Each structure stands twice: as C-alpha cells, then as structure tokens.
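Read left to right, the sequence shown gives residues 1 to 163 (the UniProt record's numbering).
The next block holds one structure in the form of structure tokens; read it before the comments.
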Amino acid sequence: MDKTDRKILAELQKDGRLSVTALAERVGLSLSPCHRRVRAMEDSGIICGYRAQINTRKIGLNFSAIIFVTLREDTNWSVALFEKAVKEVPQIVQAHRLFGDPGFMLQILTRDLDDFQKVYDEKLSALPGVMRLTSTMIMKTVIQDPLLEIPANVTKSEQRYFK
C-alpha cells in the first residue's frame, strides 16, 4: 500500500458516496488508475463495504447499553453456539469476544428502558450457555466510527493485496 492508496482510503472514509471521478481528482490520479486501485482494494477485502450512517435517535432508538456476558463453559462448542445465537438478536448492534472474564461484550440498542428490559429478559437471558449478564447504560457516545489512520508500513502478507 502506498501513499496514494492511503489517500484513497482517507477520502472514502470521509465520503463513501464520492464518484470515482471526484475521488481521482482529490487524490491526484486520472480516472482509470484510481478505479483500478479502488477495485483492487475492494477485491482484496481492504474496502469491505459502503453504507449510510444513521442517527439512531432520529429513528426512535434512544436507549443503548453494554452487556458483559460470562459463559458457563469456555469450550469451542459453547462459544460457537453462543456466537451463532447472538447474530439472531437484532437489537445487538455490536458483539465482541474478549480475552479473560467476562468473555463477551455486547452493545444493545432499543427504543427505551422498557424495550431494553424485554430484550434482556426474553432474549439475552435465554442465549445458550449464559452464566451471568452484567449491564450498564451508555450515558453519551464520545467517539463513533472514527476515521482510521492508515498505517504507512504494511507487512509482507498485506503486500500481496497490492501486486
């Protein structure tokens, strides 16, 4: 990955709706080389999608909580079963497996506290293998979807994407 690729990624993070023409102009390339670079980064998985950012409060999702989950067992089978079930709960907007205890951190997004309680009681408590759930409310989001600083140095294995 070179300086131009990093510029392309920086511009697309700012505005994923940029036309290739506008993108090429911003990074100082002609249309064809810019398009080839973007396509190569899409094909390699470096660029893994484009989407709209939604103001959750404007669509009525006003309550957010973090749930720490401890499983009864930490076996491959129980973890896989839990991870599969988590993907079926639409109110879970993020799920992370953690080192140590607790084993998982989930972010839940609902309309309000009553809706959250219903999800907690009916869905989260029923997830397979759950020993303990610990929840906390999110008071305020300070950073969300930050622009990533693209590292200048890439490893040998990463270089295969740019050949």
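We treat Cβ as the ideally placed atom computed from N, Cα and C, and that holds for glycine.
In this text, all values refer to a predicted model and were calculated from it rather than measured experimentally.
Please report the distance separating the alpha-carbon of residue i from that of residue j.
{"i": "Glu88", "j": "Arg26", "result": "41 Å"}
{"i": "Met139", "j": "Leu147", "result": "22 Å"}
{"i": "Ala80", "j": "Ile59", "result": "32 Å"}
{"i": "Met137", "j": "Gln53", "result": "22 Å"}
What do you reckon, are the CB atoms on residue i and residue j nearer than 7 Å?
{"i": "Thr110", "j": "Gln91", "result": "yes"}
{"i": "Phe82", "j": "Met105", "result": "no"}
{"i": "Ala65", "j": "Leu127", "result": "no"}
{"i": "Ala22", "j": "Leu31", "result": "no"}
{"i": "Leu9", "j": "Ile150", "result": "yes"}
Name the DSSP beta bridge partners of residue i, please?
{"i": "Ala95", "result": "Leu106"}
{"i": "Met131", "result": "According to DSSP, Met131 bridges with nothing at all."}
{"i": "Thr70", "result": "Arg132"}
{"i": "Ala65", "result": "Ile108 and Met137"}
Near residue i, which residues of its chain fall below 7 Å by C-beta distance, leaving aside the five closest residues on each side in sequence?
{"i": "Val130", "result": "Val69 and Leu71"}
Which same chain residues, not among the five before or five after residue i, have their C-beta less than 6 Å away from its C-beta?
{"i": "Gln13", "result": "Leu147"}
Can you give me the start and stop residues for the alpha helix (DSSP H) that residue i sits inside?
{"i": "Val86", "result": "Asn76 to Val86"}
{"i": "Ile8", "result": "Lys3 to Lys14"}
{"i": "Asp115", "result": "Leu113 to Val119"}
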